[in-house]
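Enquirer:
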Amino acid sequence: MKQYLYLPLLLSLLFFSSAVHSQRGSWTLTGRQLVSFAKPKFAGTHEGKVFLIINVSPDGKVSAVTVDQKKTTIKNQVLIDQCITAAKGASFSKSATGKPQIGNISYTFTKNDKGTLKTEKELAAEKQAQVIKEADRKVAQAEQKAKEAEDKAIAAQQKAREAQQEVEKANRKAQRAEEEAGKKIIAQSVVSEAFRPAGEQVSSTLEPDVTYRNVLYSLPGRELQNTPKRPAYSGTQSGRVVISFMVTQKGEVSGTVIEPTTTITDEALLDECRKTVKKFKFDAIQTPKSQTGIITYQFQSFH
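Encoded structure:
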């Protein structure tokens, strides 16, 4: 047999008094305390509510029970009789006025999917299971969001690596282009020197510095517009640094190459000389092509 237990939900009292809930049900009786509260014993398949009106004597005993037919939804008489029997077993505290009172008791029966009435313990277990299920859902949702965030971070790192690789690739390409331009400068320099008219003078002489003298550049038809600070030298080598350079239509130095006729091998000094030459600025010309010049630095060691 399937076991059924009552689940009291609502009690109302004449004169519109408030409902009071006990561990076994709900009742309404103004100014009185519940002493004992019985529950109906019933096995069946019915659902609904049994609403009872109770008469309570001054000493707290239920003297009469009647069924409120308008509010009662269960039609099974056996269940109704069980509710009446249970209500008669209830007892309350003694009346302070010494007069009998009228109150209400309501039993509500619910049935789960298997056709059995749920006890308070079962309802509490179901509620706890729902709480756990909801918590598990939120945890799973948070884990999913964390995984998505991790995937996005990994994708961003991959894009950053690819971008870095592209930058390195572009730098290598630029370096190769500069090397190719340098080779072209050397070739043009050799041709220009071979066909330069005898006795042609260089364009200008840079102002000498205390550490070296006779710094000359040659770029026919172009005038130097600035005088970048020349590289300082405190090394132990004496000699010259010869640099070929290419100048654009706008007068900017686009490439430099150390000439084989250079006698100094100090890499730091060579690098500083190339950087200085790249800072040169010449006057612009109308002809849309580059020109090749050459500059010679003389260095004297003081060691």
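With the working numbering applied, the sequence shown corresponds to residues 702 to 1004, in that order.
Virtual Cβ for every residue (Gly too), placed ideally from N, Cα, C.
From a predicted model like this one, the values you see are computed outputs, not experimental measurements.
#1: So what does DSSP say about R975, is it helix, strand or coil?
#2: Taking the beta strand (DSSP E) that A765 falls in, what are its first and last residues?
#3: By how many angstroms is the C-alpha of V763 removed from the C-alpha of V736?
#4: Evaluate R877 with the Cβ neighbour count: other Cβ atoms within 10 Å of its Cβ, from every protein chain shown; 16 or more gives buried, anything less gives exposed.
#5: Between which two residues does the beta strand (DSSP E) holding K750 run?
#6: Please name the residue in C974, R733, G994, P741 whose C-alpha comes closest to that of T949.
#7: Between R941, P989, T963, S935, which has its C-alpha nearest E953's C-alpha?
#8: Would V757 and G804 be called neighbours here (beta carbons separated by less than 9 Å)?
#9: Our contact map puts R923 next to T997 with C-beta atoms below 8 Å; I'd like the distance itself, whole angstroms only.
#10: Beta-carbon within less than 6 Å of T774's beta-carbon, same chain only, minus the 5 sequence neighbours each way: which residues are those?
#11: On a Cα-Cα basis, can you pick out the residue from A830, K930, F946, E973 that is closest to S991?
#12: Measure the alpha-carbon distance for K860 versus F1000 and round it to whole angstroms.
#13: Report the option in T962, A854, C784, L920 whose CA atom is closest to the CA atom of I754.
#14: In angstroms with no decimal places, state the Cα-to-Cα distance between R931 and T966.
#15: Would P961 be called buried (16 or more neighbouring beta carbons within 10 Å of its own) or exposed?
#16: Alpha carbon to alpha carbon, what distance is there between K874 and P929?
#17: Taking the alpha helix (DSSP H) that L780 falls in, what are its first and last residues?
#18: Specify, as a first and last residue, the run of the beta strand (DSSP E) that F738 falls within.
#19: Let me know the secondary structure DSSP gives Q802 once reduced to three states.
#20: Between L971 and I986, which are expected to be in contact by the criterion C-beta below 8 Å, what is the C-beta distance as a whole number of angstroms?
#21: Would you list the one or two residues that DSSP bridges to G956?
#22: With a cut-off of 8 Å on the beta carbons, I'd call D769 and F752 a contact; round off their distance for me.
#23: Nearest-angstrom Cα distance between R733 and Q842?
#24: Return the CA-CA distance between R854 and A847, expressed in angstroms with no decimal places.
#25: Grab me the residues of K800's own chain with a C-beta within less than 8 Å of its C-beta, minus the 5 sequence neighbours each way, in chain order.
Expert: Concretely, from the data shown:
#1: helix
#2: 763-768
#3: 12 Å
#4: exposed
#5: 749-757
#6: G994
#7: P989
#8: yes
#9: That pair is no contact at about 17 Å.
#10: G749, K750
#11: F946
#12: 49 Å
#13: C784
#14: 18 Å
#15: exposed
#16: 28 Å
#17: 778-789
#18: Premise fails: F738 is in no beta strand (DSSP E) and is neither H nor E.
#19: strand
#20: About 29 Å; that fails the 8 Å criterion.
#21: M947
#22: 4 Å
#23: 51 Å
#24: One point to set straight first is that residue 854 is Ala, not Arg, in the sequence displayed. A854 and A847: Cα-Cα distance of roughly 10 Å.
#25: P759
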